[in-house]
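Quick note: the sequence shown, position 230, residue 253 per this note's numbering, numbers continuous. Okay, structure first, notes after.
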Amino acid sequence: MNIGARPHRPVRAGAKRGKARMIATAVLVTASCGAGLLTAGTGTVQAAARPDVQGGGRPGPESSRTGLSGLSETWSKASTALLQPVIAAAEGARGRPVDCRRAKCVALTFDDGPGQYTDALLRQLAAYRARATFYVTGQNVVAYPGILRRTVAAGHELGNHTWSHPNLTRLSAAGVRAELARADQAVKAVTGLVPRTIRPPYGAFNTAVRRQTSRPMVMWSVDTLDWLHRDSAKVAKKAIKSVRPGSVILFHDIHPTTVRAMPQVLKALSKRGYTFVTVSQMFGGNPPRLVYSRGGAGLL
Ligand SMILES: [Zn+2]
């Protein structure tokens, strides 16, 4: 169920980290399945957010394929006891102290999964003790619950990328809330966790969309355009050339070419002294209301 196979159509990104006083090159990309226009700019980010939870979902292919049908049948009432090790691992990862005001941090983010290549990616990240953030869709969470639990158990962070990957600016307020809530519910049922941050599909949002949640909306400062190129060498080159301390890099783990690019990315950035952190770690556990947007303070 590759609902995330639709290409990301990045709209905006770029900002100045308020708290940690880190400045990242802003990237505004307007692309329609191809040509992109890059523009630079900065914006101030600040404030925090609270999680909200609601929604529903249904079981998917991995649950039956991997003998987890029991979970799929009752997954909306998933056992807290069963999930304790996963939750403990996640808490442990969140508690890992990384001061990105001092360390050279980079946040690798992977959208649209989980999917059939995510396990391979998890192995690559583990080889470099790298933490990452996965902006998952609710539909794929339900399709691949085991992969999602392995992702959390490995210490990675989960973000909400909606239930079905729509352009939220085209939905009603209730529609936006339902997309976010249903994805939250799917993640919570499988892992016991609620994503702390949101990434709207295609990076598309407006004031009406932002009013529907108080959680941070996290964009990116480096777009690898991996969905467009489908070329491991290009993806790796873009990430390695563009990275700066404080970068949030956008990838999609539903593309095998992206996953194959990661060893090179991890190796090169490790050599340069980067620490691979989750989005929450990057912002000291308290991501700003809006991360990397052209909007700046006026939109906060
Ligand atoms: Zn996406």
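C-beta: ideal position from N, C-alpha, C; glycine also. All figures in this text were calculated on a predicted structure; none of them were measured in a lab.
Heavy atom of ligand 1 within 6 angstroms of residue i beta-carbon
i    : result
D249 : no
P224 : yes
D276 : no
D134 : yes
Pairwise C-alpha distance: residue j and residue i
i    : j    : result
T247 : L216 : 28 angstroms
K264 : C123 : 20 angstroms
L131 : A197 : 31 angstroms
V232 : N190 : 10 angstroms
R238 : R312 : 6 angstroms
G268 : Q304 : Just to set this straight, residue 268 is Pro in the shown sequence, not Gly. Near 13 angstroms, if we compare the C-alpha coordinates of Q304 and P268.
L171 : V159 : 9 angstroms
V199 : M240 : 13 angstroms
N309 : P120 : 13 angstroms
V258 : P286 : 11 angstroms
E180 : V210 : 11 angstroms
R253 : T280 : 5 angstroms
Q139 : A153 : 20 angstroms
L166 : A126 : The amino acid at residue 166 is misidentified as Leu; the sequence shows Ala. Their backbone Cα atoms lie some 37 angstroms apart in a straight line.
L194 : V314 : 22 angstroms
A284 : R205 : 32 angstroms
G169 : K290 : 27 angstroms
D207 : F306 : 22 angstroms
S92  : P137 : With a pLDDT of only 35 at S92, under the threshold of 50, the placement of this residue in the model should not be trusted; the figure read from the coordinates follows. Those two C-alpha atoms are separated by around 18 angstroms.
L292 : L251 : 23 angstroms
S255 : A150 : 19 angstroms
V325 : A262 : The structure shown does not extend to residue 325, since the chain spans only 24 to 323, so no value can be given for it.
L145 : D249 : 18 angstroms
I277 : A201 : 24 angstroms
V129 : L148 : 13 angstroms
S86  : L203 : Unreliable placement is indicated for S86, whose pLDDT of 46 sits below 50; no coordinate value is reported for it.
M242 : K260 : 20 angstroms
Supposed close pair residue i, residue j - CB separation, criterion 8 angstroms
i    : j    : result
V245 : V213 : Actually they are not in contact, since the Cβ atoms of V245 and V213 sit about 29 angstroms apart, beyond 8 angstroms.
P224 : H188 : 5 angstroms
T220 : V302 : 6 angstroms
V282 : A143 : 5 angstroms
N229 : T192 : 5 angstroms
L15  : D134 : This structure leaves residue 15 out entirely; the chain is present only between 24 and 323.
G161 : W186 : 4 angstroms
T141 : G182 : Not really, about 14 angstroms apart at Cβ, beyond 8 angstroms.
H184 : R234 : That pair is no contact at about 19 angstroms.
Residue i: CB within 6 angstroms of a non-hydrogen atom of ligand 3
i    : result
V165 : This structure does not include ligand 3; its bound ligands are ligand 1.
Could you tell me whether the segment 175-184 touches the segment 282-299, where touching means 3 or more Cβ pairs closer than 8 angstroms? no
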